[in-house]
Amino acid sequence: MTDLSIERVSTGPVSGSTPGDYIELLKPRVMSLVVFTGLAGIVLAPGHIHPVLAAVAVLCIAVGAGASGAINMWYDRDIDAVMTRTVRRPIPSGRVEPDNALAFGVILAAASVVVMGLAVSWAASALLAMTIGFYVFVYTMWLKRRTPQNIVIGGAAGAFPPMIGWAAVTGGVELPSILLFLLIFLWTPPHFWALALFRNGDYTRAGVPMMPVVAGPDSTKRQMLAYTLVLLPVAVAPYFLGIGGLTYLIGSSLLGTYFVLCAVRVLRATDDKPAKRMFGFSILYLFLLFALLMGEHLVSGILTTGGGA
Ligand code: HEM
Ligand SMILES: CC(C)=CCC/C(C)=C/CC/C(C)=C/COP(=O)(O)OP(=O)(O)O
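Here you go:
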């Protein structure tokens, strides 16, 4: 356990929180892509879901993801106060009391799980509850401060949303939804380690054993390349499972090849620029993969029904 007997950044009494402070606790920018992959699970799943229920399912995933982010910020308030990237967050900056942030996260988490079960599907509700629990207890409270494999195993939490969306429609877990999980699971290490490479000082100061801190940048870069090489065929696999079409096959092949090239540039780099570029591209890469999957699926659906007229 990291012993952080660090003087907390004293920013004086809480000067009245604003709604924006609480919204910030939900990590909306990060969770927007998380929710986007959850929507993909809904759109790609076979069968029909009423659009209103689909919207409720997306909302529950969004609220559940945000709630897990708020609880994560409550638990990590000590290390957030030490890292330059996070010191201005609502809790370390004194804008939100820790107990209020925790209550906010717990209430939203409970509400998202109950509403998903009552309104949409108990299978999706169970998966949502498990995802929240995995991120809070397995990643944030257990692995993050103990092992450089923290984000590899913890990455599972971020990979569940497409399975939650799929279960909201079908009530179950099937091979294609497991493949979408695997795609994000393999994407997470190169996504995060690219950031960790240029935020290494933060994590060293905070005593968090991220891979670059423990194994060093060279080993981390080699592992990032390995993950992008494994990810390339896995990201193409939806085409062979019938959930992606020819456009997706070409797009995912090109995007995956460029992601590998990013990793090669990071491996050869003598400064942080390639790592920063790879981190940024990792987000665009995942967004485009899921956008291509959903876009093709929706267009082919329209063409089919249009053709059936
Ligand atoms: C355990 C897994 C993950 C870790 C450790 C991780 C880590 C991070 C960190 C530290 C940041 C910078 C955030 C900030 O400074 O506020 C970030 C940004 C981001 N992450 Fe990840 N991430 C993970 C999984 C995911 C997943 C699964 C997604 C989406 C499916 C995702 C999407 C994003 C996005 C969109 C941003 C940019 C946010 C912004 O522009 O401020 N991340 N990630
Ligand atoms: C539906 C549901 C519950 C979805 C959850 C999805 C999920 C777990 C996404 C991971 C997002 C993320 C930024 C993790 C990093 O935590 P960190 O503590 O390493 O990041 P930080 O240092 O920026 O706080």
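Residue numbers for the sequence shown follow UniProt numbering, beginning at 1 and rising by one.
Glycine included, C-beta positions come from ideal geometry on N, C-alpha and C.
Check whether the Cβ atoms of valine 34 and proline 161 sit closer than 7 Å, and answer yes or no.
Their beta carbons are under 7 Å apart, which means valine 34 touches proline 161 by this criterion.
Report whether the distance from the Cβ of tyrosine 135 to the nearest heavy atom of ligand 2 is below 6 Å.
At least one heavy atom of ligand 2 lies closer than 6 Å to the C-beta of tyrosine 135.
Where do the N-terminal and C-terminal ends of the alpha helix (DSSP H) with arginine 85 fall, by residue?
In the DSSP assignment, arginine 85 falls outside any alpha helix (DSSP H) and carries neither an H nor an E.
Excluding the five sequence neighbours on either side, which residues of its own chain have a C-beta within less than 6 Å of the C-beta of valine 96, listed in chain order?
Cβ-Cβ distances below 6 Å link valine 96 to Ser17, Asp21, Pro90 in the same chain, with the five nearest sequence neighbours on each side left out; the list follows chain order.
So is aspartate 99 buried or exposed if we call it buried at 16+ other beta carbons inside 10 Å?
It is exposed - the Cβ of aspartate 99 has fewer than 16 other Cβ atoms within 10 Å.
Under the rule that 16 or more other beta-carbon atoms within 10 Å means buried, what is residue 387, buried or exposed?
No information on residue 387 is available, as it lies outside the stretch 1 to 309 that the chain covers here.
Could you give the DSSP three-state label for alanine 215: helix, strand or coil?
DSSP places alanine 215 in the coil class of the three-state scheme, outside both helix and strand.
Endpoints, alpha helix (DSSP H) assigned at alanine 119:
According to the DSSP assignment, alanine 119 belongs to no alpha helix (DSSP H), since it is labelled neither H nor E.
The segment 46-54 in contact with the segment 65-80 per 3-pair CB rule at 8 Å
Touching, no, given that fewer than three Cβ pairs across the two stretches are closer than 8 Å.
For lysine 144, count neighbouring Cβ atoms within 10 angstroms of its own Cβ and tell me buried if that reaches 16, exposed if not.
Buried is the call here.
Is the distance from the Cβ of leucine 186 to the Cβ of leucine 231 below 7 Å?
In this structure, leucine 186 places its C-beta atom within 7 Å of the C-beta atom of leucine 231.
Three or more beta-carbon pairs under 8 Å between the segment 29-49 and the segment 130-149, yes or no?
Touching, no.
May I ask which residues mark the beginning and end of the alpha helix (DSSP H) holding arginine 199?
Counting along the chain, arginine 199 falls outside any alpha helix (DSSP H), and DSSP gives it neither H nor E.
Three-state secondary structure (DSSP) of isoleucine 49
Note: isoleucine 49 maps to coil in three-state DSSP.
With DSSP as the reference, label glycine 171 as helix, strand or coil.
In the three-state reduction of the DSSP assignment, glycine 171 falls in the coil class, being assigned neither a helical nor a strand state.
Residue closest to leucine 44, alpha-carbon to alpha-carbon, out of Val299, Thr305, Gly306:
Checking every option, the nearest Cα to that of leucine 44 belongs to Val299.
So, with DSSP's three-state summary, where would you put glycine 301?
DSSP places glycine 301 in helix when its eight states are reduced to three.
Between which residues of its own chain and leucine 249 is the CB-CB distance below 6 Å, once the five residues before and five after are set aside?
Here the set comprises Tyr239.
Does the distance between the C-beta of valine 30 and the nearest non-hydrogen atom of ligand 1 fall short of 6 Å?
At least one heavy atom of ligand 1 lies closer than 6 Å to the C-beta of valine 30.
Mind checking whether alanine 167 and leucine 127 have CB atoms under 7 Å apart?
In this structure, the beta-carbon distance from alanine 167 to leucine 127 falls below 7 Å.
Buried/exposed call for alanine 103, threshold 16 Cβ in 10 Å:
It is exposed - the Cβ of alanine 103 has fewer than 16 other Cβ atoms within 10 Å.
Lysine 273 (DSSP reduced to helix, strand or coil)
The answer is helix: DSSP assigns lysine 273 an H, G or I state.
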